[in-house]
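Chains as they are written, first to last, in our numbering: chain A, 133 to 467; chain B, 133 to 467.
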């Protein structure tokens, strides 16, 4: 008995904002498994900014080809297996792609999700999102207690964890986000020292006011003119963690360059990019660190779940609009 | 008997290219020495791009005040002393300023120039210029043998040493300079693997052709669009050493920002500034390393000497025009 597999494939590369028109649905047969492979029924898709890069051009991974399933991290349950390490019923985190069923092998770096861990947590605080926050902050940003840490996209999945990790380290933390409600969440619920609504406030003036001793660490998720305002106010030996540039992804061919990069010279600053996959061998360390803070109630997080595989393109678009809270997931199946 | 001291002081802060109109001459009396001070007769002034920053705004040092002597490194001979560490006749490297006589104290970090070392060498390969090349390359750039190193301002005092140090480390070295004659000097005399004349050639296309495996280390003296072309072609884990941005100093309020900084993310690159004064406690190490290569004939260097204190403003202007070779010095007195 053959199984149907509904997929969302790439129809066209976006030249500006991403939307439904760049994708199409397709139904194929699930192929027979080869030795070493196992079949996963997708339960959740992780909707991440990096997908915008993957469907646009070669980056740290080759671009998704036209007609191919959209690359995506996600979580699911094993339904059939010819791999001795995974049995039917196991829950697994892997690159499932935007489809109902994924054929997975060891090369896809599948990770079992232990009993007792919610799938939505496995895809957020314990997943790539939380690890990006943890390793980007601790390994690239390297804040010391008392230093001032600024994070953009602060109400997002990664940014909100970054700020709370920095608070736990004893830093002064200022978040930049896109609405008054988000800013209130950051300061009232998450314990940020200050928050700046970049859609309503003068970011430069507010950074000056909220960071009187300059900015020691900037965790940048957005790029663009906000990065430039931060560079104008860096402290000596500041560290700029380049995690993303979500404000620029729709228009990389005419992207914004920050003129204030020259301040890196006189202030002996460092601006450094990273890709979380490089830290995969150390994820255990990150999961333990984040898990301990979570258990102490020092990390709170939000998840927005959207229903149905077909809503994935819209969900990706929403990431760039910013009208969601915390981690954005698509639920493909209930179990 | 009082002594006259001719000085060049700052008249106005340059808003664009620097020129004579921003300076004026003045003659004052040499004051009596206090305990701990000594008097130096200036022999040479070191003409460095950083002076352009000092007379413009507060940078890593406070801006030179209007009416004050222009800050400048230089070398001279001690003529009077109330400091037990320096006696008349001693040759010394310190911040003499643009003047015939300088009153110096320990806080000015004077360094004796040992017998047998030419003053012009003390101010170039063994001076701040050579140390900038050595510490910037080895501590910030950290090239490994076989890596590709690109340097801009390659025929300049610092750039030419950077390239030769990188060659000595076994790197592939590409220089960017402003004339065919300079490029020929780099490849024929200094052993650079390739040189690009940015005034006559397509820098991007030539970088692609001369750096087939991408750029591992970029030692940047110029900033601007050339930095952007390099960022388009960085290899994985590239290191951009921000030493200067001479193309931007005349127009910092409308400086150029490099849009390709986003490549630092996917290629895990690092862009880092430094100020050579931070390495002052380690200069001995740098002098020994450069000295050993000099003795082996692995480092060649050029000096352009201009005569007379009054020519200092013009000499500073020439730095930004680039019509000199190697280190630019002003000879204020013969002995």
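Using N, Cα and C, we set each Cβ at its ideal position, and we do this for glycine too.
- Within the region 179–202 of chain B, contact with chain A at the beta-carbon level (separation under 8 Å) is assigned to 185, 191, 192.
- Where residue 299 of chain B is concerned, there is no enclosing beta strand (DSSP E), although the alpha helix (DSSP H) around it starts and stops at 289–300.
- CA-to-CA, the gap between residue 363 of chain A and residue 190 of chain B works out to about 16 Å.
- In the three-state DSSP reduction, residue 435 of chain A falls in the strand class (E or B).
- From the listed residues B/241, B/140, B/419, B/432, the smallest Cα separation to residue 289 of chain B is found for B/432.
- The distance from the Cβ of residue 327 of chain B to that of residue 309 of chain B is about 6 Å, consistent with a contact at the 8 Å cut-off.
- A direct Cα-to-Cα measurement between residue 350 of chain B and residue 283 of chain B gives close to 6 Å.
- Excluding five sequence positions before and after residue 266 of chain B, the CB atoms of its chain that fall closer than 8 Å to its own CB belong to 293, 297, 418, 421, 422, given in chain order.
- Residue 317 of chain A has its alpha-carbon roughly 20 Å from the corresponding atom of residue 427 of chain A.
- Secondary structure at residue 394 of chain A: helix, using DSSP grouped into helix, strand and coil.
- Identification of chain B residues near residue 465 of chain A by a Cβ-Cβ cut-off of 9 Å yields none; the smallest Cβ-Cβ distance measures about 32 Å.
- Here the region 260–279 of chain A makes contact with the region 407–416 of chain A; the two share three or more CB pairs at distances below 8 Å.
- If you draw a straight line from the Cα of residue 145 of chain A to the Cα of residue 407 of chain B, it is about 44 Å long.
- Counting along the chain, residue 403 of chain A sits inside the beta strand (DSSP E) bounded by residues 402–405.
- In the structure shown, residue 215 of chain B adopts coil according to DSSP, grouped into three states.
- Note that the C-beta distance between residue 335 of chain B and residue 285 of chain B is not below 7 Å.
- No Cβ-Cβ contact shorter than 7 Å links residue 142 of chain B with residue 228 of chain B.
- A straight-line Cα-Cα distance of about 18 Å links residue 208 of chain A and residue 436 of chain A.
- Going by C-alpha positions, residue 405 of chain B is about 21 Å away from residue 305 of chain B.
- At least one CB atom of chain B sits nearer than 7 Å to the CB of residue 403 of chain A.
- The CB of residue 242 of chain B never comes closer than 8 Å to any CB in chain A; the least such distance is about 24 Å.
- Residue contact with chain A for residue 370 of chain B: absent (no Cβ-Cβ distance below 7 Å to any residue of chain A).
- By the neighbour-count definition (other C-beta atoms within 10 Å, threshold 16), residue 387 of chain A is a buried residue.
- Of the candidates B/379, B/458, B/399, the residue whose Cα lies closest to the Cα of residue 365 of chain B is B/399.
- Leaving aside the five residues that flank residue 178 of chain B on each side, the residues in its chain whose CB is nearer than 6 Å to its CB run, in chain order, 205, 206, 255.
- Under the Cβ criterion of 7 Å, residue 358 of chain A is not counted among the residues facing chain B.
- Residue 396 of chain B reaches chain A at 374, 403, 404, 405, counting residues in chain order whose Cβ is nearer than 8 Å.
- Across the structure, residue 430 of chain B and residue 201 of chain B are spaced so that their CA atoms are roughly 38 Å apart.
- Boundaries of the alpha helix (DSSP H) harbouring residue 313 of chain A: 312–316, taken from the DSSP string.
- Listed along chain A are 387, 388, 389, each with a C-beta nearer than 7 Å to that of residue 391 of chain B.
- In the structure shown, the three-state DSSP call for residue 341 of chain A is helix.
- If you check the CB distance, residue 367 of chain A and residue 397 of chain A do not come in under 7 Å.
- In the DSSP annotation of this structure, residue 360 of chain B is not part of any beta strand (DSSP E); the continuous alpha helix (DSSP H) holding it starts and ends at 356–363.
- Residue contact check for residue 400 of chain A against chain B: a CB pair falls below 7 Å.
- For residue 253 of chain A, the enclosing alpha helix (DSSP H) stretches over residues 251–254.
- Going by beta carbons, residue 394 of chain B and residue 377 of chain A fall inside the 7 Å limit.
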